[in-house]
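Numbering-wise (my numbering), the sequence shown opens with residue 46 and increments by one. Virtual Cβ for every residue (Gly too), placed ideally from N, Cα, C. Encoded as structure tokens, the structure appears first; notes follow it.
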Amino acid sequence: MHYIFCLIGKSASGKDTVYRKLLNDPRLGLARLVTSTTRPIREGEQEGREYHFRTEDQFRRSLEEGKVLEYRVYDTVHGKWYYYTENDGQIDLTKSSSLLVGTVEVFVSLQKCLGRDKVIPLYLEVEDGERLSRALRRERKQKEPKYAELCRRFLADSRDFAPEKLREAGIEKIFDNSDSSACAEEIAAYVLDRIS
Numbered sequence: 046m047h048y049i050f051c052l053i054g055k056s057a058s059g060k061d062t063v064y065r066k067l068l069n070d071p072r073l074g075l076a077r078l079v080t081s082t083t084r085p086i087r088e089g090e091q092e093g094r095e096y097h098f099r100t101e102d103q104f105r106r107s108l109e110e111g112k113v114l115e116y117r118v119y120d121t122v123h124g125k126w127y128y129y130t131e132n133d134g135q136i137d138l139t140k141s142s143s144l145l146v147g148t149v150e151v152f153v154s155l156q157k158c159l160g161r162d163k164v165i166p167l168y169l170e171v172e173d174g175e176r177l178s179r180a181l182r183r184e185r186k187q188k189e190p191k192y193a194e195l196c197r198r199f200l201a202d203s204r205d206f207a208p209e210k211l212r213e214a215g216i217e218k219i220f221d222n223s224d225s226s227a228c229a230e231e232i233a234a235y236v237l238d239r240i241s
């Protein structure tokens, strides 16, 4: 049976690192499911790898055409940024399981669209002080660091990933990502158990 595995975690919890490790694990055979955003591309990111980077007009057109499975909008210090999952042919559960990076809201919305049994959460957790250090290191590498946005995201994560929200969403299994290699290996074993 094939699934969509939804990698979830607060900002700077190491989602992209674990995502790459899982996609590159030949035992898993996971397909990349790339979501879209209207936010500016960051230094080191690549179109089609972390996200499909779109304009707000492109987002609205996809929405009008009924191609958007779910979306969120964040009112940032730099304006509104949309993040969304598009029904663009990437999802084919008859062929393979897929992996995407998302939020609790993405996970819940995709379960509603595709079925609770088809979308499996993989929740990463990292101690807050370590997360803040990682976020600051990442932001310092940007040509124009957006520290106010970093702080907004960090504070918003406390609400967005509150224990009661995780429980309501049915997220019970938590993977400690203080060591990305160990975390990826633990998740790989969990995924293999599901897909075998």
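Start-to-end residues for the alpha helix (DSSP H) that takes in residue i
i	result
S225	S225 to I240
S154	V149 to L159
Residue i, DSSP secondary structure in three states
i	result
P190	coil
F206	coil
A57	coil
T62	helix
A214	coil
R105	helix
G174	helix
E184	helix
L138	coil
R179	helix
Endpoints, beta strand (DSSP E) assigned at residue i
i	result
L114	V113 to T121
Presumed contact (8 Å Cβ cut-off) between residue i and residue j, rounded CB distance
i	j	result
I165	Y48	5 Å
D221	C228	6 Å
G54	E170	7 Å
I232	L167	6 Å
C51	L211	Going by Cβ atoms, the distance from C51 to L211 rounds to 13 Å, so no, they are not a contact pair.
E175	S225	With 8 Å as the limit, E175 and S225 do not qualify as a contact, their Cβ atoms being about 12 Å apart.
DSSP beta-bridge partners of residue i
i	result
H97	S81
L169	F220
Y127	V118
I49	S143 and V164
E92	Y96
A201	DSSP, once it has assigned bridges, lists no residue as partnering A201.
A76	S143
Any C-beta of chain C under 7 Å from that of residue i
i	result
P166	Included in the structure is just one protein chain, with no chain C present.
Does the region 123–135 come close enough to the region 52–61 to have 3 or more Cβ pairs within less than 8 Å? no
Validate contact between the region 183–193 and the region 92–107 using beta carbons, cut 8 Å, 3 pairs: no
Would you check if the region 100–115 and the region 194–209 touch, i.e. whether three or more CB-CB distances between them fall below 8 Å? no
The region 215–234 contacting the region 131–147, beta-carbon criterion three pairs below 8 Å: no
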